[in-house]
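Residue numbers (the numbering used here), protein chains in the order written: chain A, 1 to 175; chain B, 1001 to 1077.
Virtual Cβ for every residue (Gly too), placed ideally from N, Cα, C.
Everything on this sheet refers to the single structure shown next.
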């Protein structure tokens, strides 16, 4: 160090590390850290985050969607075997239960987003709602002119596609 | 809005992810603020000020930026 006593043997003086942070443009002129001799500095500890903590919502939604598909296949199978049963309407609604779980997880995740992510989602939802309205109205006019009737269940996948694409686009805009 | 976030962060040798952890936001949000594409809310601006132990005016410059995103009314003296 430069403030060492002048009578000290230079060979005994601690060697000042010149580049404690070579990646930083702000070169530190002094360091209070003791010089480590004969060993490499230990790497910073890995963040104590597991896959479960990082991707909890994605895993839960994935499991709920898996349950939805299993319930859907089971429901359709049972309904085909019992087309005239009195309880067929209840069985037809069984896949809604895991879908409600997906909705709950989705809303919970929205509440966990930070302010920029919420803004991106607002923009994406707005775009997907408007674009879906545009497409469905346009096709409604085409149906009036003779195009074949499409099932209403196409609307949600259409909106989901617009939402996914617009989320990616709006996220990119803030990069 | 221009800001000195990148400089202040570099002085402390923090990564964007580290600052994001301290603020409780995503790394993407820290990056968007640094690049001037997103102006933080008042609570987040105060969190930044507390984190860097500086006044908000020392971090953010109210001079117009190119993006003008989220520009708010300037405080009257």
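Using a CB distance cut-off of 7 Å, residue 1037 (chain B) counts as an interface residue toward chain A. Using a C-beta cut-off of 8 Å, the region 108–115 of chain A makes contact with the region 1025–1039 of chain B, since at least three inter-stretch Cβ pairs fall below that distance. With a cut-off of 8 Å on Cβ pairs, the region 93–100 of chain A is in contact with the region 66–79 of chain A, counting three or more such pairs. Listed in chain order, the positions of the region 94–127 of chain A with a beta carbon within less than 7 Å of a beta carbon of chain B are 114, 115, 116, 117.
Within its own chain, the residues whose Cβ lies closer than 7 Å to the Cβ of residue 1033 (chain B), once the five positions on either side in sequence are excluded, are 1003, 1005, 1040, listed in chain order. Below the 9 Å Cβ cutoff, chain B contributes 1028, 1031, 1032, 1035, 1037 as neighbours of residue 175 (chain A), in chain order.
With a threshold of 7 Å between beta carbons, residue 1041 (chain B) makes contact with chain A.
In this chain, residue 114 (chain A) is not harboured by any alpha helix (DSSP H), its DSSP state being neither H nor E. A straight line joining the alpha-carbon of residue 125 (chain A) with that of residue 100 (chain A) spans about 19 Å.
It is roughly 57 Å from the alpha-carbon of residue 1047 (chain B) to the alpha-carbon of residue 79 (chain A).
For residue 1060 (chain B), same chain residues with a beta-carbon under 6 Å away, outside a window of 5 residues either side, are 1001, 1003 in chain order.
Note: residue 1002 (chain B) is bridge-paired with B:1061 in the DSSP secondary-structure output.
In this structure, residue 57 (chain A) and residue 120 (chain A) do not form a Cβ contact; the two beta carbons are roughly 16 Å apart against a cut-off of 8 Å. With a cutoff of 7 Å on beta-carbon distance, residue 1056 (chain B) and residue 1045 (chain B) are scored as near each other.
Around residue 1044 (chain B), the beta-carbon contacts reaching into chain A at under 7 Å are 115.
Taking residue 136 (chain A) as reference, the option from A:72, A:156, A:118, A:85 with the minimal CA-CA separation is A:156. Proximity of residue 1007 (chain B) to chain A, defined by a Cβ-Cβ separation below 7 Å, is not satisfied. Secondary structure at residue 1025 (chain B): coil, using DSSP grouped into helix, strand and coil. When secondary structure is reduced to three states using DSSP, residue 51 (chain A) falls in the helix class.
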